[in-house]
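Let me begin by presenting the structure, written as C-alpha coordinates, before commenting on it.
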Amino acid sequence: MDLAHRIAVVTGGASGIGRELVAQLAAGGTHVAACDVDGDGLGRTVRRVRASTRAVRVTAHVVDVTDEDAVGRLATDVAREHGTEAIHLLVNNAGVVGGGSFVAGPREDWERTFAVSWSGVYVCTRAFLPLLLAADQGAVVNVASVNALWASLGPRSAHTAYSTAKFAVRGFTEALLGDFRVHAPHLTAVLALPGHVRTGMPAPPRSWRRALDSSFADYEPVTPAEAANEILDAVRDGRWRVVIGQDAVTVDERVRADPWTAYD
34 MDLAHRIAVV TGGASGIGRE LVAQLAAGGT HVAACDVDGD GLGRTVRRVR ASTRAVRVTA
94 HVVDVTDEDA VGRLATDVAR EHGTEAIHLL VNNAGVVGGG SFVAGPREDW ERTFAVSWSG
154 VYVCTRAFLP LLLAADQGAV VNVASVNALW ASLGPRSAHT AYSTAKFAVR GFTEALLGDF
214 RVHAPHLTAV LALPGHVRTG MPAPPRSWRR ALDSSFADYE PVTPAEAANE ILDAVRDGRW
274 RVVIGQDAVT VDERVRADPW TAYD
(Lines of atoms letter the chains of each structure in order from A and count residues from 1; the text may use other names and numbers.)
(Lines give C-alpha, C1' and ligand atoms only; values in the text may rest on other atoms or scores of the structure.)
Protein backbone atom coordinates (compact mmCIF):
# COMPACT_ATOMS: atom_id res chain seq x y z
CA MET A 1 0.00 0.00 0.00
CA ASP A 2 1.46 3.34 -1.09
CA LEU A 3 0.67 5.92 1.59
CA ALA A 4 1.69 9.03 -0.33
CA HIS A 5 -1.18 11.40 -1.14
CA ARG A 6 -3.52 9.32 1.04
CA ILE A 7 -5.53 10.39 4.09
CA ALA A 8 -4.92 8.87 7.52
CA VAL A 9 -6.61 9.20 10.90
CA VAL A 10 -4.43 8.54 13.97
CA THR A 11 -5.87 8.35 17.50
CA GLY A 12 -3.63 8.92 20.50
CA GLY A 13 -1.62 11.32 18.37
CA ALA A 14 -0.44 13.65 21.13
CA SER A 15 2.45 11.55 22.39
CA GLY A 16 4.47 8.38 22.09
CA ILE A 17 3.92 6.07 19.14
CA GLY A 18 0.94 8.13 17.96
CA ARG A 19 2.97 11.32 17.73
CA GLU A 20 5.65 9.53 15.71
CA LEU A 21 3.05 7.98 13.43
CA VAL A 22 1.65 11.43 12.66
CA ALA A 23 5.13 12.79 11.96
CA GLN A 24 6.28 9.88 9.80
CA LEU A 25 3.06 9.73 7.81
CA ALA A 26 3.21 13.45 7.06
CA ALA A 27 6.88 13.24 6.14
CA GLY A 28 5.98 10.49 3.66
CA GLY A 29 3.34 12.60 1.96
CA THR A 30 0.21 11.43 3.78
CA HIS A 31 -2.45 13.90 4.90
CA VAL A 32 -3.20 13.25 8.57
CA ALA A 33 -6.04 13.89 10.99
CA ALA A 34 -4.45 13.59 14.45
CA CYS A 35 -6.76 12.91 17.39
CA ASP A 36 -6.31 12.86 21.16
CA VAL A 37 -8.09 13.80 24.37
CA ASP A 38 -4.99 15.82 25.37
CA GLY A 39 -5.53 19.08 23.52
CA ASP A 40 -2.28 20.70 24.62
CA GLY A 41 -0.12 17.74 23.65
CA LEU A 42 -1.99 17.34 20.39
CA GLY A 43 -1.45 21.01 19.55
CA ARG A 44 2.29 20.67 20.12
CA THR A 45 2.43 17.58 17.90
CA VAL A 46 0.54 19.20 15.04
CA ARG A 47 2.48 22.46 15.20
CA ARG A 48 5.78 20.56 15.08
CA VAL A 49 4.68 18.44 12.13
CA ARG A 50 3.28 21.39 10.21
CA ALA A 51 6.51 23.33 10.69
CA SER A 52 8.59 20.51 9.20
CA THR A 53 6.17 19.27 6.54
CA ARG A 54 4.18 21.88 4.63
CA ALA A 55 3.27 19.80 1.58
CA VAL A 56 0.42 17.94 3.32
CA ARG A 57 -2.62 18.84 5.41
CA VAL A 58 -2.36 17.96 9.11
CA THR A 59 -5.40 18.65 11.30
CA ALA A 60 -5.91 18.40 15.06
CA HIS A 61 -9.06 16.97 16.64
CA VAL A 62 -9.60 16.84 20.41
CA VAL A 63 -11.85 13.88 21.16
CA ASP A 64 -12.47 11.17 23.73
CA VAL A 65 -12.50 7.92 21.74
CA THR A 66 -14.95 6.34 24.19
CA ASP A 67 -17.62 8.95 23.39
CA GLU A 68 -19.50 7.53 20.41
CA ASP A 69 -21.33 10.76 19.61
CA ALA A 70 -18.09 12.75 19.69
CA VAL A 71 -16.35 10.21 17.46
CA GLY A 72 -19.26 10.40 15.00
CA ARG A 73 -18.77 14.16 14.84
CA LEU A 74 -15.03 13.55 14.42
CA ALA A 75 -15.61 11.52 11.27
CA THR A 76 -17.76 14.33 9.86
CA ASP A 77 -15.11 16.93 10.78
CA VAL A 78 -12.31 14.94 9.16
CA ALA A 79 -14.27 14.56 5.93
CA ARG A 80 -15.03 18.28 5.86
CA GLU A 81 -11.58 19.58 6.81
CA HIS A 82 -9.81 17.27 4.37
CA GLY A 83 -12.38 17.78 1.62
CA THR A 84 -12.89 14.07 1.16
CA GLU A 85 -15.50 11.33 1.06
CA ALA A 86 -12.93 8.63 1.85
CA ILE A 87 -9.97 7.89 4.12
CA HIS A 88 -7.34 5.27 3.45
CA LEU A 89 -5.82 4.54 6.84
CA LEU A 90 -7.28 4.40 10.35
CA VAL A 91 -4.75 3.88 13.13
CA ASN A 92 -6.41 3.00 16.43
CA ASN A 93 -3.52 3.82 18.74
CA ALA A 94 -5.18 5.45 21.78
CA GLY A 95 -4.86 3.51 25.01
CA VAL A 96 -4.28 3.86 28.75
CA VAL A 97 -2.81 1.65 31.45
CA GLY A 98 -4.66 0.95 34.70
CA GLY A 99 -7.11 -1.38 36.39
CA GLY A 100 -4.49 -3.91 37.41
CA SER A 101 -6.53 -6.16 39.69
CA PHE A 102 -10.09 -7.22 38.93
CA VAL A 103 -10.35 -8.46 42.53
CA ALA A 104 -8.73 -5.70 44.59
CA GLY A 105 -8.72 -2.64 42.33
CA PRO A 106 -11.36 0.10 41.92
CA ARG A 107 -14.05 -0.78 39.40
CA GLU A 108 -13.89 2.73 37.89
CA ASP A 109 -10.19 2.39 37.00
CA TRP A 110 -10.79 -1.03 35.45
CA GLU A 111 -13.69 0.11 33.30
CA ARG A 112 -11.97 3.32 32.14
CA THR A 113 -8.89 1.38 31.03
CA PHE A 114 -11.02 -1.16 29.20
CA ALA A 115 -13.16 1.54 27.59
CA VAL A 116 -10.25 3.54 26.16
CA SER A 117 -8.09 0.59 25.18
CA TRP A 118 -10.83 -1.57 23.63
CA SER A 119 -14.10 0.35 23.20
CA GLY A 120 -12.27 3.25 21.58
CA VAL A 121 -10.99 0.90 18.89
CA TYR A 122 -14.51 -0.41 18.24
CA VAL A 123 -16.18 3.02 18.26
CA CYS A 124 -13.61 4.61 15.93
CA THR A 125 -13.68 1.71 13.49
CA ARG A 126 -17.49 1.86 13.37
CA ALA A 127 -17.47 5.62 12.80
CA PHE A 128 -14.85 5.60 10.05
CA LEU A 129 -15.95 2.42 8.28
CA PRO A 130 -18.10 4.27 5.69
CA LEU A 131 -15.13 6.48 4.75
CA LEU A 132 -12.87 3.44 4.49
CA LEU A 133 -15.39 1.59 2.36
CA ALA A 134 -15.50 4.59 0.02
CA ALA A 135 -11.74 4.42 -0.62
CA ASP A 136 -10.11 2.50 -3.46
CA GLN A 137 -7.76 0.88 -0.94
CA GLY A 138 -7.47 1.08 2.83
CA ALA A 139 -6.30 -0.39 6.10
CA VAL A 140 -7.30 -0.43 9.75
CA VAL A 141 -4.26 -0.57 12.02
CA ASN A 142 -4.96 -1.58 15.59
CA VAL A 143 -2.15 -1.06 18.09
CA ALA A 144 -2.51 -3.80 20.66
CA SER A 145 0.34 -4.85 22.94
CA VAL A 146 2.55 -7.71 24.02
CA ASN A 147 -0.22 -8.12 26.62
CA ALA A 148 -2.47 -9.33 23.81
CA LEU A 149 -0.14 -12.33 23.73
CA TRP A 150 0.41 -12.77 27.45
CA ALA A 151 -1.92 -11.32 30.10
CA SER A 152 0.71 -10.58 32.72
CA LEU A 153 3.47 -8.28 33.88
CA GLY A 154 5.32 -11.12 35.55
CA PRO A 155 5.04 -12.79 38.94
CA ARG A 156 2.63 -11.22 41.44
CA SER A 157 1.65 -8.37 39.11
CA ALA A 158 -2.03 -8.39 38.18
CA HIS A 159 -2.72 -6.73 34.82
CA THR A 160 -6.31 -7.58 34.02
CA ALA A 161 -8.06 -4.55 32.46
CA TYR A 162 -5.34 -3.62 29.98
CA SER A 163 -4.65 -7.23 29.03
CA THR A 164 -8.34 -8.00 28.55
CA ALA A 165 -8.73 -4.93 26.34
CA LYS A 166 -5.70 -5.77 24.24
CA PHE A 167 -6.78 -9.39 23.80
CA ALA A 168 -10.08 -7.98 22.48
CA VAL A 169 -8.17 -5.72 20.08
CA ARG A 170 -6.18 -8.69 18.85
CA GLY A 171 -9.26 -10.84 18.31
CA PHE A 172 -11.12 -8.04 16.58
CA THR A 173 -8.23 -7.35 14.20
CA GLU A 174 -7.75 -10.99 13.27
CA ALA A 175 -11.51 -11.38 12.74
CA LEU A 176 -11.57 -8.28 10.52
CA LEU A 177 -9.05 -9.92 8.19
CA GLY A 178 -11.56 -12.56 7.18
CA ASP A 179 -14.52 -10.18 7.24
CA PHE A 180 -12.78 -7.71 4.91
CA ARG A 181 -11.75 -10.46 2.49
CA VAL A 182 -15.39 -11.44 2.06
CA HIS A 183 -17.20 -8.11 2.33
CA ALA A 184 -14.60 -5.40 1.56
CA PRO A 185 -11.63 -6.94 -0.28
CA HIS A 186 -10.05 -3.54 -0.89
CA LEU A 187 -9.50 -3.21 2.87
CA THR A 188 -7.13 -4.99 5.20
CA ALA A 189 -6.35 -5.03 8.92
CA VAL A 190 -2.96 -4.77 10.63
CA LEU A 191 -2.25 -5.91 14.19
CA ALA A 192 0.65 -4.20 15.97
CA LEU A 193 2.00 -5.93 19.07
CA PRO A 194 4.61 -3.72 20.72
CA GLY A 195 6.45 -4.63 23.88
CA HIS A 196 7.85 -1.96 26.19
CA VAL A 197 8.29 1.28 24.24
CA ARG A 198 9.92 4.33 25.81
CA THR A 199 6.80 6.53 25.97
CA GLY A 200 5.04 8.52 28.68
CA MET A 201 3.11 5.42 29.75
CA PRO A 202 4.35 3.71 32.94
CA ALA A 203 7.29 1.37 32.56
CA PRO A 204 6.71 -2.29 33.47
CA PRO A 205 7.51 -3.24 37.08
CA ARG A 206 10.70 -5.09 38.00
CA SER A 207 8.78 -8.35 37.77
CA TRP A 208 8.64 -7.83 33.97
CA ARG A 209 12.37 -8.52 33.56
CA ARG A 210 12.14 -11.52 35.90
CA ALA A 211 9.20 -13.01 34.00
CA LEU A 212 9.32 -16.25 32.00
CA ASP A 213 12.59 -17.35 33.63
CA SER A 214 14.19 -13.94 32.92
CA SER A 215 14.25 -14.79 29.23
CA PHE A 216 14.28 -11.12 28.19
CA ALA A 217 16.00 -9.61 31.23
CA ASP A 218 18.55 -7.73 29.14
CA TYR A 219 16.27 -6.34 26.46
CA GLU A 220 16.33 -2.64 25.56
CA PRO A 221 12.97 -0.91 24.95
CA VAL A 222 12.45 0.44 21.45
CA THR A 223 11.81 4.11 20.81
CA PRO A 224 8.44 5.45 19.67
CA ALA A 225 10.01 6.35 16.33
CA GLU A 226 11.25 2.79 15.83
CA ALA A 227 7.84 1.35 16.73
CA ALA A 228 6.04 3.74 14.37
CA ASN A 229 8.43 2.91 11.55
CA GLU A 230 7.82 -0.83 11.98
CA ILE A 231 4.05 -0.32 11.93
CA LEU A 232 4.11 1.78 8.76
CA ASP A 233 6.51 -0.64 7.06
CA ALA A 234 4.00 -3.43 7.76
CA VAL A 235 1.21 -1.39 6.16
CA ARG A 236 3.31 -0.66 3.07
CA ASP A 237 4.48 -4.27 2.77
CA GLY A 238 1.04 -5.81 3.29
CA ARG A 239 1.96 -7.66 6.50
CA TRP A 240 -1.01 -8.07 8.86
CA ARG A 241 0.93 -8.87 12.05
CA VAL A 242 3.94 -7.01 13.44
CA VAL A 243 5.62 -7.86 16.76
CA ILE A 244 7.76 -4.97 17.99
CA GLY A 245 10.67 -5.21 20.43
CA GLN A 246 12.78 -8.10 21.67
CA ASP A 247 10.65 -8.56 24.78
CA ALA A 248 7.50 -8.95 22.64
CA VAL A 249 9.26 -11.33 20.25
CA THR A 250 10.46 -13.45 23.19
CA VAL A 251 7.02 -13.52 24.83
CA ASP A 252 5.39 -14.51 21.53
CA GLU A 253 7.80 -17.41 21.04
CA ARG A 254 7.71 -18.54 24.68
CA VAL A 255 3.93 -18.52 25.09
CA ARG A 256 3.39 -20.33 21.79
CA ALA A 257 5.97 -22.97 22.71
CA ASP A 258 4.69 -23.64 26.24
CA PRO A 259 1.36 -21.97 27.08
CA TRP A 260 0.72 -24.32 30.01
CA THR A 261 3.45 -22.77 32.20
CA ALA A 262 3.30 -19.19 30.90
CA TYR A 263 1.64 -17.94 34.09
CA ASP A 264 3.64 -19.97 36.62
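Residue numbering for the sequence shown follows the working numbering, starting at 34 and increasing by one per position.
Where a beta carbon is used, it is the ideal one built from N, C-alpha and C, also for glycine.
Note that the structure is a prediction, hence the values are computed from the model and not measured.
Does DSSP put residue i in a helix, in a strand, or in coil?
i, result
"Val176", "strand"
"Asp246", "helix"
"Pro139", "coil"
"Leu182", "coil"
"Asn262", "helix"
"His64", "strand"
"Asp110", "helix"
"Ile191", "In the sequence as presented, Ile is not what sits at residue 191; that position holds Ala. It is coil, neither helix nor strand."
"Pro292", "helix"
"Ser240", "helix"
"Thr117", "coil"
"Leu209", "helix"
"Ala374", "Outside the shown range of the chain, which is 34 to 297, sits residue 374, and nothing can be said about it."
"Ala152", "Checking the sequence, you will find Ser at residue 152 rather than Ala. Helix."
"Gly132", "coil"
"Gly46", "coil"
So what does residue i bridge to, in DSSP terms?
i, result
"Arg274", "Leu224"
"Leu122", "Ala41 and Ala172"
"Asp69", "Val95"
"Val255", "Val230"
Confirm, please, whether the CB-CB distance from residue j to residue i is below 9 Å.
i, j, result
"Gln170", "Leu245", "no"
"Asp291", "Leu182", "no"
"Val223", "Ala260", "no"
"Thr63", "Ala37", "yes"
"Leu107", "Cys68", "yes"
"Arg80", "Ala47", "no"
"Leu136", "Ala191", "According to the sequence shown, residue 136 is Val rather than Leu. For Val136 and Ala191, yes; Cβs fall inside 9 Å."
"Gln57", "Leu265", "yes"
"Val268", "Ala167", "no"
"Gly211", "Val255", "no"
"Val82", "Leu164", "no"
"Val302", "Val124", "The chain is shown only over 34 to 297; residue 302 falls outside these bounds and no answer can be derived."
"Ala184", "Tyr252", "no"
My guess is that residue i and residue j are in contact by the Cβ rule of under 8 Å, so how many angstroms apart are they, rounded?
i, j, result
"Arg52", "Pro257", "7 Å"
"Val70", "Val95", "7 Å"
"Val176", "Ala250", "So it is not a contact: roughly 25 Å between Cβ atoms."
"Ala194", "Gly132", "3 Å"
"Gly153", "Ala127", "5 Å"
"Ala198", "Trp151", "4 Å"
"Gly33", "Met234", "Beyond the ends of the chain as shown, which are 34 and 297, falls residue 33; an answer cannot be given."
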